[in-house]
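Novice: Residues 1 to 266 in the UniProt record's numbering are what the sequence shown spells out, letter by letter.
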Amino acid sequence: MTEAAVARVALVDDDDLFRESLSLNLADEGYEVVTFDRGEPALDFFAEGGSVDIVLLDWRMPKMDGIDVLRQMRSRGIDLPVIFLTVLSDQIYEEAALAGGALDFVEKSRSLSILLKRMRLIVDGSKGTPEEAEGPKESVYALGNLDLRLDNSRALWNGKRIDLTLTEFNIVKLMATRPEEDVSYREIYDLVHGKGFLAGYGPSGYRANVRAFIKRIRQKFRVVDAEFDCIENYPGFGYRWGNGTGGTGRTRDDDADVMADGAAAD
Numbered sequence: 001m002t003e004a005a006v007a008r009v010a011l012v013d014d015d016d017l018f019r020e021s022l023s024l025n026l027a028d029e030g031y032e033v034v035t036f037d038r039g040e041p042a043l044d045f046f047a048e049g050g051s052v053d054i055v056l057l058d059w060r061m062p063k064m065d066g067i068d069v070l071r072q073m074r075s076r077g078i079d080l081p082v083i084f085l086t087v088l089s090d091q092i093y094e095e096a097a098l099a100g101g102a103l104d105f106v107e108k109s110r111s112l113s114i115l116l117k118r119m120r121l122i123v124d125g126s127k128g129t130p131e132e133a134e135g136p137k138e139s140v141y142a143l144g145n146l147d148l149r150l151d152n153s154r155a156l157w158n159g160k161r162i163d164l165t166l167t168e169f170n171i172v173k174l175m176a177t178r179p180e181e182d183v184s185y186r187e188i189y190d191l192v193h194g195k196g197f198l199a200g201y202g203p204s205g206y207r208a209n210v211r212a213f214i215k216r217i218r219q220k221f222r223v224v225d226a227e228f229d230c231i232e233n234y235p236g237f238g239y240r241w242g243n244g245t246g247g248t249g250r251t252r253d254d255d256a257d258v259m260a261d262g263a264a265a266d
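1) Could you tell me which of Pro179, Thr177, Ile231, Phe213 sits nearest to Val192, measuring between CA atoms?
2) Where DSSP assigns a beta bridge to Leu85, which residues make up the other side?
3) Can the beta-carbon of Ile122 be found closer than 9 Å to that of Val172?
4) Along the chain, where does the alpha helix (DSSP H) containing Gly39 start, and where does it finish?
5) Determine the closest residue to Glu227 out of Tyr239, Phe169, Asn158, Tyr189, with distance taken between C-alpha atoms.
6) From the DSSP output, which residues share a beta bridge with Ser184?
7) Would the stretch 137-146 and the stretch 26-37 be scored as touching if the rule is three or more Cβ pairs under 8 Å?
8) Distance, Cα to Cα, Gly238 vs Arg222?
9) Suppose the cutoff is 7 Å on Cβ atoms and the five residues either side in sequence are ignored; what does the same chain contact list for Leu17 look like?
10) For Leu43 versus Val69, is the C-beta distance shorter than 9 Å?
11) Which term fits Thr177, buried or exposed, when burial requires 16 or more other beta carbons within 10 angstroms of its beta carbon?
12) Looking only at its own chain, which residues have a Cβ that is under 8 Å from the Cβ of residue 267, when we skip the five neighbours before and after it?
13) Under 9 Å between the Cβ atoms of Ala10 and Gly66?
14) In angstroms with no decimal places, state the Cα-to-Cα distance between Ala133 and Ile114.
15) Nearest-angstrom Cα distance between Val12 and Arg240?
16) May I have the straight-line CA-CA distance separating Ser111 from Ala47, to the nearest angstrom?
17) CA-CA distance, Lys220 and Thr165?
18) Which one or two residues does DSSP pair with Thr147 in a beta bridge?
19) Give the DSSP bridge partners of Arg161, in chain order.
20) Does DSSP put Arg76 in a helix, in a strand, or in coil?
21) Apart from the five residues just before and just after Leu174, which ones in its own chain have a Cβ nearer than 8 Å to its Cβ?
22) Report yes if the CB atom of Pro62 is closer than 9 Å to the CB atom of Asp14, and no otherwise.
23) Since Ala99 is in the alpha helix (DSSP H), which residue starts that stretch and which ends it?
24) Hey, could you find the ends of the beta strand (DSSP E) Ala10 is sitting in?
25) List, from N- to C-terminal side, the alpha helix (DSSP H) runs of 4 residues or more that fit wholly inside the stretch 206-238.
26) Keeping to the same chain, check which residues put their C-beta closer than 6 Å to that of Val87; ignore five residues upstream and five downstream.
27) What does the alpha-carbon distance come out to for the pair Pro179 and Ser23?
28) How big is the Cα-Cα spacing for Gly101 and Asn152?
29) Rounded to the nearest angstrom, what separates Val224 and Ser21 at their Cα positions?
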């Protein structure tokens, strides 16, 4: 490559065809890719001083599966950002990946553009802005019972970790850093997919997509606090991070969001 790579990526996957195809697609997008067909040679690469910006890790691999590779990385002090890229879609796998220290979990059936967006969030977060580079930045953002660890994209509620994906963390950060301010469906959708992304099925399409994200985020907070209700819906517009007491014209129930929003004017 004649220009500097966007970032260096380690792709660990035993599927030869998938590994070759994805590495070529990533190279076309400006990434420098180093590939491994199993976990062991990847660990050897890191042990010998190899370095990357992102690790894309398959779950099902021979001898050592992806979660074991991640555990070995963390036990050896290799704290690189990891995205699981797998055909496994059950939530139990996602929860195990995040609990093990992965930053994100993306199904292989998702489009390349989704993966690229998740990778860009990591790259941009690690490089920071010019303003951040000039001086120290606050590593923890606190609001009420919420703590956001900005250095490693972790969220805690009453001191208990919430297993959010990187995208879910960024949605929470968007709302929580603008408390009591309404955030539109479109703004949240643009955060996930990038500005200008064309949503299917018109306005109702991107609203349904955002509602699905919010529902999952609420569920994850309610695992550690059944009374959690800080994410308020403004029917027909979007969401806001409230103080848990609600507000005029706003709901905090997932089913109510859908019904109220369906009745709201565009």
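Each residue gets a CB set at the ideal place from its N, CA and C atoms; glycine is no exception.
Specialist: Well, looking at it:
1) Taking the first residue of the sequence shown as position 1, residue 192 is located at position 192. The option with the nearest alpha carbon to Val192 is Phe213.
2) Locating residue 85 in the sequence shown gives position 85, counting from the first residue. According to DSSP, Leu85 bridges with Val106.
3) On the sequence shown, residue 122 is found 122 positions in, with the first residue counted as 1. On the sequence shown, residue 172 is found 172 positions in, with the first residue counted as 1. No, Cβ-Cβ distance for Ile122 and Val172 is not below 9 Å.
4) Counting from 1 along the sequence shown, the entry for residue 39 is found at position 39. Its alpha helix (DSSP H) spans residues 39-47.
5) For the purposes of this step, residue 227 is taken as residue 227 along the sequence shown, with counting starting at 1. Per the Cα distances, Asn158.
6) Position 184 of the sequence shown, counting from 1, holds the residue named residue 184. In the DSSP output, where bridge partners are listed per residue, Ser184 has Gly238.
7) no
8) Numbered from 1 along the sequence shown, position 238 holds the residue referred to as residue 238. Numbered from 1 along the sequence shown, position 222 holds the residue referred to as residue 222. Those two C-alpha atoms are separated by around 20 Å.
9) For the purposes of this step, residue 17 is identified with residue 17 of the sequence shown, where counting begins at 1. Closer than 7 Å at the Cβ level, and outside the excluded window around Leu17, lies no residue.
10) In the sequence shown, residue 43 corresponds to position 43, counting from 1. In the sequence shown, residue 69 corresponds to position 69, counting from 1. Cβ atoms of Leu43 and Val69: closer than 9 Å.
11) If you number the sequence shown from 1, residue 177 lands on position 177. Its Cβ having fewer than 16 others within 10 Å, Thr177 is exposed.
12) Shown here, the chain extends from 1 to 266; a query on residue 267 therefore has no answer.
13) One-based indexing of the sequence shown puts residue 10 at position 10. One-based indexing of the sequence shown puts residue 66 at position 66. Their beta carbons are not under 9 Å apart, which means Ala10 does not touch Gly66 by this criterion.
14) By one-based count along the sequence shown, residue 133 stands at place 133. By one-based count along the sequence shown, residue 114 stands at place 114. With a pLDDT of 40 at Ala133, under the threshold of 50, the modelled position of that residue is not reliable, and the figure given next carries that caveat. If you take the alpha carbons of Ala133 and Ile114, they lie about 28 Å apart.
15) Numbered from 1 along the sequence shown, position 12 holds the residue referred to as residue 12. Numbered from 1 along the sequence shown, position 240 holds the residue referred to as residue 240. Each residue's alpha carbon lies about 39 Å from the other.
16) Residue 111 sits at position 111 when you count from the first residue of the sequence shown. Residue 47 sits at position 47 when you count from the first residue of the sequence shown. So the alpha carbons of these two residues sit roughly 32 Å apart.
17) Counting from one through the sequence shown, the residue named residue 220 turns up at place 220. Counting from one through the sequence shown, the residue named residue 165 turns up at place 165. If I take the Cα positions, the gap works out to 11 Å.
18) Walking along the sequence shown from the start, residue 147 turns up at place 147. This sequence places Asp at residue 147; Thr is not what is there. Answer is Ala142, Leu156.
19) Position 161 of the sequence shown, counted from the first residue, corresponds to residue 161. Looking at the DSSP assignment, Arg161 forms a beta bridge with Leu156.
20) Stepping through the sequence shown from its first residue, residue 76 is reached at position 76. The answer is coil: DSSP assigns Arg76 none of H, G, I, E or B.
21) As a working mapping, residue 174 is identified with position 174 in the sequence shown. Closer than 8 Å at the Cβ level, and outside the excluded window around Leu174, lie Val183, Glu187, Ile188, Leu191.
22) As a working mapping, residue 62 is identified with position 62 in the sequence shown. As a working mapping, residue 14 is identified with position 14 in the sequence shown. Taking 9 Å as the Cβ cut-off, Pro62 and Asp14 qualify as a contacting pair.
23) Along the sequence shown, one-based indexing puts residue 99 at 99. Counting along the chain, the alpha helix (DSSP H) containing Ala99 begins and ends at 91-99.
24) Locating residue 10 in the sequence shown gives position 10, where the first residue counts as 1. Element bounds for Ala10: 8-12.
25) none
26) Sequence index remark: in the sequence shown, residue 87 carries index 87 (1-based). Closer than 6 Å at the Cβ level, and outside the excluded window around Val87, lie Lys108.
27) Counted from its first residue, the sequence shown places residue 179 at position 179. Counted from its first residue, the sequence shown places residue 23 at position 23. Taking the straight line joining both Cα atoms gives about 41 Å.
28) Counted from its first residue, the sequence shown places residue 101 at position 101. Counted from its first residue, the sequence shown places residue 152 at position 152. Roughly 10 Å between the two C-alpha positions.
29) Counted from its first residue, the sequence shown places residue 224 at position 224. Counted from its first residue, the sequence shown places residue 21 at position 21. Cα-Cα distance, rounded: 40 Å.
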